[in-house]
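Below: one structure, written as structure tokens.
Residue numbers (my numbering): 1 to 454.
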């Protein structure tokens with residue numbers, strides 16, 4: 001990955017203007033006239049991008065950069081995180097950031113809005129369960145898991161034992177997300193809790209099994225490198241980790257006397273902080289993203305449990321890494337990472353809404369068939385109706401008892417009764433695969449239901 005060019009020092013540019021004789025006043029006036037633009041055109045550009053653009057009339061590139069830096073300094077606020085040389089990290093909330101957090105507030109902490117009315121709570125939960133599987137799978141794929149989404153989903157739904165390291169990573173991430181949802185969002189974050197979460201996420205996936213849940217040691221020096229072996233990030237020394245993790249937890253729990261930080265910004269900065277400190281030998285990215293989810297859940301953004309940020313990061317991994325590099329090369333300004341993650345969150349929420357809308361369209365089509373069929377007379381429960389509707393939209397789909405139980409969070413016996421009932425009604429085909437039963441949605445399911453829409 002290309003390392004961005006380090007920006008020129010704003011103070012040096014300003015000193016040069018102040019010491020310049022002819023034209024000094026005009027140049028300074030033009031700089032100060034534009035110093036309210038921290039993100040011109042809604043874009044918080046790094047010098048590496050800005051230097052390739054045409055500057056405003058009357059300014060050269062360095063003067064334009066100075067005007068932007070002055071505007072950013074006016075908005076900038078420090079956080080307790082310091083880099084390896086003791087310099088503080090800062091962030092700003094320009095107008096574009098305010099707009100995005102407002103959108104996240106409106107869409108991730110209230111009720112879900114869809115193009116059509118949502119089904120009853122039990123059915124809606126069934127639709128959302130699909131999304132619960134996305135983050136564990138794609139977060140693991142970011143770290144190198146080669147398992148396909150289809151295989152991974154079957155494994156999680158059937159609660160099958162993982163067969164290799166990639167599958168183990170996915171199972172661990174799923175357990176980590178459940179750990180967050182069931183426990184950690186209701187308690188304060190502590191270094192022990194961070195280690196416990198890391199232990200869950202990395203169990204059985206590290207070259208040294210004892211490294212799961214413990215901080216890296218002084219003799220385990222690590223750096224983040226690109227494909228060419230160039231160092232992109234060198235984390236702080238291992239000896240500093242206990243104090244750093246304690247400061248991280250205090251920031252996460254918001255126990256300091258510092259001014260208000262928006263909950264979304266705090267959650268994203270928590271993600272950045274752990275990734276920067278890199279306290280573990282491996283699994284830092286997974287742990288950082290999990291802490292983001294913990295922080296959002298703790299602050300009432302319940303929808304985030306069903307939103308996968310890793311799926312979008314997987315599509316644009318270089319932009320994710322670039323946001324870290326922009327921060328480290330520009331005076332530790334974490335606003336680059338903050339804005340990048342806000343965009344990811346909003347796109348991920350859009351994806352979830354699009355998925356729910358598509359499911360509503362499927363539901364309407366399937367309901368038309370079901371209402372005109374014998375299914376309405378069979379007394380099928382909501383899970384069985386969901387099976388039949390899915391079978392109508394996916395002819396040839398195969399269902400297992402274990403997968404059905406995992407998907408709807410019911411017991412094996414209840415799932416078995418559901419599938420046998422649909423098969424006994426003549427709607428699904430029952431077969432045996434080894435010692436396990438399988439149930440097939442036949443191609444003529446609409447005919448079996450009584451002629452479908454004909």
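Even glycine gets a Cβ: it sits at the ideal position worked out from N, Cα and C.
Quick check on the burial criterion: 16 or more other C-beta atoms within 10 angstroms. Buried or exposed for residue i?
i           : result
residue 295 : buried
residue 2   : exposed
residue 265 : buried
residue 173 : buried
residue 99  : exposed
residue 236 : buried
residue 88  : exposed
residue 116 : Only weak support is given to the placement of residue 116: the predicted model assigns it a pLDDT of 39, under 50, and the value that follows is read from those uncertain coordinates. Classification of residue 116: exposed, given that the 10 Å Cβ count is below 16.
residue 244 : buried
residue 337 : buried
residue 260 : exposed
residue 395 : exposed
residue 409 : exposed
residue 153 : buried
residue 332 : buried
residue 101 : buried
residue 328 : buried
residue 18  : exposed
residue 119 : Because residue 119 carries a pLDDT of 43, less than 50, the predicted location of this residue cannot be relied on, and the following value inherits that uncertainty. Result: buried.
residue 147 : buried
residue 330 : buried
residue 323 : buried
residue 53  : exposed
residue 15  : exposed
residue 183 : exposed
residue 107 : buried
Using the DSSP secondary-structure output, state which residues sit across from residue i in a beta bridge.
i           : result
residue 89  : 79
residue 440 : 398, 429
residue 233 : 224
residue 333 : 90
My understanding is that residue i touches residue j, with C-beta atoms under 8 angstroms, so please give their C-beta distance in whole angstroms.
i           : j           : result
residue 76  : residue 97  : In fact, because the Cβ distance is near 12 angstroms, the residues do not count as touching under 8 angstroms.
residue 205 : residue 168 : 5 angstroms
residue 134 : residue 318 : Residue 134 to residue 318, Cβ: 21 angstroms. No contact.
residue 238 : residue 217 : 6 angstroms
residue 60  : residue 5   : Going by Cβ atoms, the distance from residue 60 to residue 5 rounds to 16 angstroms, so no, they are not a contact pair.
residue 431 : residue 419 : Rounded, the Cβ-Cβ distance is 12 angstroms, inconsistent with contact.
residue 222 : residue 278 : 7 angstroms
residue 104 : residue 345 : 6 angstroms
With distance defined between alpha-carbon atoms, name the residue in the options nearest to residue i.
i           : options            : result
residue 447 : 420, 388, 32, 432  : 388
residue 272 : 226, 326, 302      : 326
residue 9   : 68, 281, 106       : 68
residue 306 : 339, 353, 335      : 353
residue 32  : 390, 189, 50, 64   : 64
residue 311 : 155, 58, 140       : 140
residue 138 : 379, 417, 348, 211 : 348
residue 11  : 26, 203, 62        : 62
residue 316 : 361, 142, 71, 393  : 142
residue 74  : 220, 37, 299, 198  : 37
residue 334 : 210, 424, 267      : 267
residue 202 : 190, 189, 224, 177 : 177
residue 240 : 390, 84, 299, 211  : 84
residue 414 : 398, 390, 382      : 382
residue 303 : 232, 350, 28       : 350
residue 189 : 397, 377, 56, 270  : 270
Enumerate in chain order the residues of its own chain whose CB-to-CB distance from residue i is below 7 angstroms, with the five nearest sequence positions on each side excluded.
i           : result
residue 180 : 290, 293, 294, 297
residue 274 : 248, 284, 287, 288, 291
residue 400 : 158, 436, 438
residue 175 : 200
residue 127 : The pLDDT assigned to residue 127 is 47, lower than 50, so where the model puts this residue is not dependable, and the model offers no usable value.
residue 145 : 166, 169, 170
residue 434 : none
Give a yes or no on whether 9 angstroms exceeds the smallest Cβ distance from residue i to chain D.
i           : result
residue 355 : You won't find chain D in this structure, because it holds only one protein chain.
What does a CB cutoff of less than 6 angstroms around residue i pick up in its chain, not counting 5 residues either side in sequence?
i           : result
residue 442 : 429
residue 112 : Its pLDDT being 49, under 50, residue 112 is placed unreliably in this model, and the coordinates cannot settle the point.
residue 30  : 58, 59
residue 320 : 313
residue 13  : 62, 66
residue 81  : 89, 273
residue 213 : 195, 198, 199
residue 72  : 38, 92
residue 342 : 100
residue 340 : 323
residue 51  : 61
Given residue i, which residues of its chain have a CB within under 8 angstroms of its CB, disregarding the five upstream and five downstream residues?
i           : result
residue 495 : The question about residue 495 has no answer, for the chain in this structure spans 1 to 454.
residue 208 : 281
residue 422 : 380, 384, 387, 388, 428, 439
residue 46  : 4, 7, 326, 329, 330, 336
residue 187 : 193
Between residue i and the ligand FAD, is the CB less than 8 angstroms from at least one heavy atom?
i           : result
residue 361 : This structure simply doesn't include the ligand FAD, nor any ligand for that matter.
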